[in-house]
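Colleague: Numbering (the UniProt record's numbering), first residue to last: 1 to 314.
A virtual CB, placed ideally from N, CA and C, is assigned to each residue, including glycine.
Could you have a look at this structure, given as structure tokens, before my questions?
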């Protein structure tokens, strides 16, 4: 008797990684450095309570007499504040760690909401077709005719006026996630719809119908897994866009309050002091924001090329 082969066959995604994505990643130093930088920023920000020497959310650890200390490499610095302090006397290093965590959390959750709405609408529009497809795509066209910032500014300004500043500041993170998520769903919907229109004509979908599977199971279990490549690329880029949108809204005073600093609110709080000599309050969080968005966009560009079979040269 012949012996049985007990070696487990690698999964589909493992095969893709080994044959395409992994090869592309190992041959792309920009992608490797970008991922390393992003992981360092993400891990340090989410471990802020363990790393940060001060808690910027605790009023007992903030002394207004420590305000506007420069970084340690500038004359007049205080050694306990490595990157200096802001106008409220908060340690800038600690505040950046907590603020980066908040910006990443808003960006990831907003993209999750975008993806849920866009994928659901795109699957229904592409699979059902007809009048439902036309109606949903016209809604997407109307949504795309308005910029994200314009929709967010109108919504957040009205919300702040309705609920008052105190209530708005208390739930600002939820308002930001909701408005950024709802404003960007058409990006997913149009991409998923185009993929579904191509996939639903293939034989495996016809076989699923013959076996008696319902439309929901066919869309979720069969068509959606074959539409994930463009979704991953869009999600990577959209996280960067969501972080920029949050920073822009916070800079305009419609985002996170000063008591819950994000990168955008940090840049905004120090903008009035940039020409008076306290440049670090705005410059250092601005550099962190630029680096964070840059590495995410570089990872998105690499992922787009790696998942595009026309560009793969392996």
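Taking the Cβ atom as the reference point for each residue, do residue 101 and residue 48 lie within a distance shorter than 8 Å?
Modeller: In contact: residue 101 and residue 48 (Cβ atoms closer than 8 Å).
Colleague: Over what stretch of residues does the alpha helix (DSSP H) that includes residue 116 continue unbroken?
Modeller: Element bounds for residue 116: 92-128.
Colleague: Using only CA atoms, which one of 83, 252 and 307 lies nearest to residue 71?
Modeller: Here the closest residue by C-alpha is 83.
Colleague: Identify every residue that forms a DSSP beta bridge with residue 85.
Modeller: Its beta-bridge partners are 91.
Colleague: Considering only the beta carbon of each residue, do residue 35 and residue 228 sit closer than 8 Å?
Modeller: No. Outside cutoff.
Colleague: Just reading off the alpha helix (DSSP H) that residue 63 is part of, what are its end residues?
Modeller: Note, residue 63: premise wrong, no alpha helix (DSSP H); not H, not E.
Colleague: Determine the direct distance from the alpha carbon of residue 210 to that of residue 8, and round the result to whole angstroms.
Modeller: Residue placement at residue 8 is poorly supported in this model, since its pLDDT is 46, which falls under 50; the coordinates still yield a value, given next. Taking the straight line from one Cα to the other gives about 31 Å.
Colleague: What is the C-beta distance between residue 293 and residue 244, in whole angstroms, given that I count them as a contact (C-beta under 8 Å)?
Modeller: With a Cβ gap of about 6 Å, residue 293 and residue 244 count as contacting.
Colleague: Identify whether residue 208 lies in helix, strand or coil by the three-state DSSP scheme.
Modeller: DSSP places residue 208 in helix when its eight states are reduced to three.
Colleague: Would you give the residue range spanned by the alpha helix (DSSP H) that residue 305 belongs to?
Modeller: Residue 305 -> alpha helix (DSSP H) spans 280-306.
Colleague: Tell me the DSSP secondary structure of residue 77 in three-state form.
Modeller: The answer is coil: DSSP assigns residue 77 none of H, G, I, E or B.
Colleague: Compare the Cα-Cα distances from residue 273 to each of 86, 226 and 234 and report the closest residue.
Modeller: Looking at the Cα atoms, 86 is the closest of the given residues.
Colleague: Within a Cβ cutoff of 6 Å, which residues of the same chain sit near residue 304, ignoring the five residues on either side of it in sequence?
Modeller: Excluding residues within five positions, the ones whose Cβ falls inside 6 Å are 233.
Colleague: Measuring only the C-alpha atoms, how far is residue 154 from residue 200?
Modeller: The alpha-carbon atoms of residue 154 and residue 200 are separated by roughly 39 Å.
Colleague: State the start and end residues of the unbroken alpha helix (DSSP H) segment that holds residue 256.
Modeller: Looking at the DSSP string, residue 256 is not in any alpha helix (DSSP H), and its letter there is neither H nor E.
Colleague: Where does the unbroken alpha helix (DSSP H) through residue 246 begin, and where does it stop?
Modeller: Where residue 246 is concerned, the enclosing alpha helix (DSSP H) stretches over 228-251.
Colleague: Check whether the segment 247-263 touches the segment 168-175, counting contact only when three or more Cβ pairs, one atom from each stretch, lie closer than 8 Å.
Modeller: Contact holds: three or more Cβ-Cβ distances are below 8 Å.
Colleague: Leaving out five residues on either side along the sequence, give the residues of the same chain with a beta carbon under 6 Å from the beta carbon of residue 54.
Modeller: These residues qualify, in order along the chain: 61, 91 and 94.
Colleague: Round the Cβ separation of residue 197 and residue 126 to the nearest angstrom and send it over; I've been treating them as touching at under 8 Å.
Modeller: Indeed they touch by this definition, with Cβ atoms about 5 Å apart.
Colleague: Whose C-beta lies closer than 8 Å to the C-beta of residue 164 among residues of the same chain, with five residues either side of it excluded?
Modeller: Contacts found: none.
Colleague: So, is residue 205 buried or exposed, given that buried needs 16 or more other C-beta atoms within 10 angstroms?
Modeller: Classification of residue 205: buried, given that the 10 Å Cβ count is 16 or more.
Colleague: What three-state label does DSSP hand residue 169 in the structure shown?
Modeller: Looking at residue 169 - three-state DSSP - the assignment turns out to be helix.
Colleague: For residue 157, is the classification buried or exposed, using 16 other Cβ atoms within 10 angstroms of its Cβ as the cut-off for buried?
Modeller: Exposed: under 16 other Cβ atoms inside 10 Å.
Colleague: Would you mind stating whether residue 193 and residue 130 have Cβ atoms separated by less than 8 Å?
Modeller: Cβ distance not < 8 Å, so residue 193 and residue 130 don't count as in contact.
Colleague: Which term fits residue 31, buried or exposed, when burial requires 16 or more other beta carbons within 10 angstroms of its beta carbon?
Modeller: When all chains shown are included, residue 31 counts as buried.
Colleague: Across the segment 65-79 and the segment 101-110, are there enough close Cβ pairs to call them in contact, namely three or more that are closer than 8 Å?
Modeller: These segments do not touch.
Colleague: With burial defined as no fewer than 16 other Cβ atoms inside 10 Å of the residue's Cβ, what is the status of residue 212: buried or exposed?
Modeller: Label assigned to residue 212: exposed.
Colleague: Would you identify the three-state DSSP class for residue 276, choosing helix, strand or coil?
Modeller: In the structure shown, residue 276 sits in coil (DSSP, three-state: anything other than H, G, I, E or B).
Colleague: I need the straight-line Cα distance from residue 278 to residue 69, nearest angstrom please.
Modeller: If you take the alpha carbons of residue 278 and residue 69, they lie about 8 Å apart.
Colleague: Residue 40: buried (16+ other C-beta within 10 angstroms of its C-beta) or exposed?
Modeller: Classification of residue 40: exposed, given that the 10 Å Cβ count is below 16.
Colleague: For residue 231, which residues in the same chain have their Cβ closer than 8 Å to its Cβ, ignoring the five residues on either side in sequence?
Modeller: Taken in chain order, the residues that qualify are 115, 119, 188, 191 and 192.
Colleague: Our contact map puts residue 287 next to residue 246 with C-beta atoms below 8 Å; I'd like the distance itself, whole angstroms only.
Modeller: Rounded, the Cβ-Cβ distance is 17 Å, inconsistent with contact.
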